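Q: Start counting the sequence shown at 63; every next residue gets the next number (this note's numbering).
There's a structure below that I have some questions on.
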Amino acid sequence: ISCSDAHGVSACAATASSAGIPFVSAGAKGTLELFVNGKNSLLFGPGDSGSLARCINNLVEDKSLSSQLVTDAKLLQETALSPSRFADSYLKVFHTVANE
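This is the structure in structure tokens:
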């Protein structure tokens with residue numbers, strides 16, 4: 063669970079995704095770029111404790127939802143959140159800066 067509304071894609075998101083743990087987040091900007099509510103995560107509004115409680119309750123009560131979130135998050139982990147993808151992104155930034 064990530065309650066931060068300020069951090070982008072956190073280590074928490076990447077770790078949960080790779081470990082097969084459903085990811086629940088307050089939906090910070092970077093998180094919203096990769097994680098989709100009900101597809102590969104459950105998202106709640108920042109500061110909305112009632113919505114957070116519903117997300118947790120949904121995971122406990124709906125095992126098929128939990129399983130689907132894990133499956134789709136692992137796919138995301140293997141593509142967008144993989145270490146090689148991060149490395150490639152950093153290299154592109156470094157090359158862009160070096161060529162300016």
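Heads up, the beta-carbon is just placed ideally off N, CA and C, and yes, glycines get one too.
Predicted model only: the values in this text are computed from it and were never measured.
How about Ala88 and Cys74: do their beta carbons lie closer than 9 angstroms?
A: It is not a contact, given that the beta carbons lie outside the stated cut-off.
Q: Using a Cβ-Cβ cut-off of 7 angstroms (strictly less than) and excluding sequence neighbours within five positions of Ser79, which residues of its own chain qualify?
A: Contacts found: Phe85, Ala135, Lys136, Leu138, Gln139, Leu143.
Q: Starting from the C-beta of Leu121, find all residues in its chain whose C-beta is less than 6 angstroms away, skip the five residues before and the five after it, and write them out in chain order.
A: Excluding sequence neighbours, Leu121 sits near Pro84, Ser128.
Q: Using the beta-carbon count (16 or more within 10 Å), is Asn102 buried or exposed?
A: Buried.
Q: Drop a sphere of 10 angstroms on the beta-carbon of Lys93, count the other beta-carbons inside from all chains shown, and report buried for 16 or more, exposed for fewer.
A: One detail in the question is off: residue 93 reads as Thr in this sequence, not Lys. Thr93 is buried by the Cβ-count criterion.
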